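Here's the structure we're looking at; comments come further down.
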Amino acid sequence: TNDANRLAKTGVSVVQINTDKFGGDCHLAAHVVARAAENIDLDSVDLLIVENIGNLVCPAEFDIGEDSRVVVLSVTEGEDKPVKYPLMFRVCDAAILNKIDLLPYLDYNREEVLNNIRQVHPGMPVFELSAKTGDGFTPWIDWLKSKVKQKQKKGG
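Under the working numbering, residues 127 to 282 are what the sequence shown spells out, in order.
Given below as structure tokens:
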């Protein structure tokens, strides 16, 4: 709810999905997302972002009707996550390495995490971002725009 409130303050449409009324699952399901989407004027939307439950295990196994999947990995989580949770990285179309502004303060091997991602999903684009400083957002936004254009060309 806190995230939804923060996002709503930016002026974008936000629908909060709580899984409690759906059994408290550790992931979203397609029917839950479809029900939430009824609260959005989808004809006026070019890009819909659904944040699944925040772990690297459960959400990997469930199709919620998305066109693309992106995994977000914070540098504070360690370099081993791609090999520890390979399914999530295999089923995703891109990865975000977040909080890169913290790298000077951490004992973190950037090359190791990138190699681990390449080992699990060769060729997957990795976007290194800092939400705090804005670093790295241009390639990420360009990738999103390209996905929107691809979808529009398909008539979707």
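A virtual CB, placed ideally from N, CA and C, is assigned to each residue, including glycine. From a predicted model like this one, the values you see are computed outputs, not experimental measurements.
Is it right to say residue i is buried, meaning 16 or more other beta carbons lie within 10 angstroms of its own, or is it exposed?
i      : result
Ala186 : buried
Lys135 : exposed
Asn242 : buried
Pro265 : exposed
Ile226 : buried
His247 : buried
Lys207 : buried
Glu254 : buried
Would a C-beta distance cut-off of 8 Å place residue i and residue j closer than the cut-off?
i      : j      : result
Ala221 : Val201 : no
Tyr211 : Leu240 : no
Glu205 : Asn235 : yes
Val140 : Gly191 : no
Pro154 : Ile143 : A quick correction: the sequence has Leu, not Pro, at residue 154. In this structure, Ile143 lies closer than 8 Å to Leu154 by Cβ.
Leu270 : Leu173 : yes
Asp189 : Ala162 : no
Val209 : Gln245 : yes
If contacts are defined as beta-carbon pairs under 8 Å, then residue i and residue j qualify, I think. What distance do you get, rounded to the angstrom?
i      : j      : result
Asn224 : Val198 : 6 Å
Gly249 : Ser256 : So it is not a contact: roughly 24 Å between Cβ atoms.
Lys277 : Asp193 : 6 Å
Checking the sheet assignment: what are the DSSP bridge partners for residue i?
i      : result
Phe253 : Ile222
> Unbroken beta strand (DSSP E) runs of length 3 or more, entirely within the segment 187-239: which are they?
Replying inline: Along the length of the segment 187-239, whole beta strand (DSSP E) runs at least 3 residues long occupy 196-200 and 220-224, reported in chain order.
> Which ranges does the alpha helix (DSSP H) cover as unbroken runs of at least 4 residues, wholly within the segment 151-180, from first to last along the chain?
Replying inline: Counting only runs of at least 4 residues, the segment 151-180 fully encloses the following alpha helix (DSSP H) elements, listed from N- to C-terminal order: 156-163.
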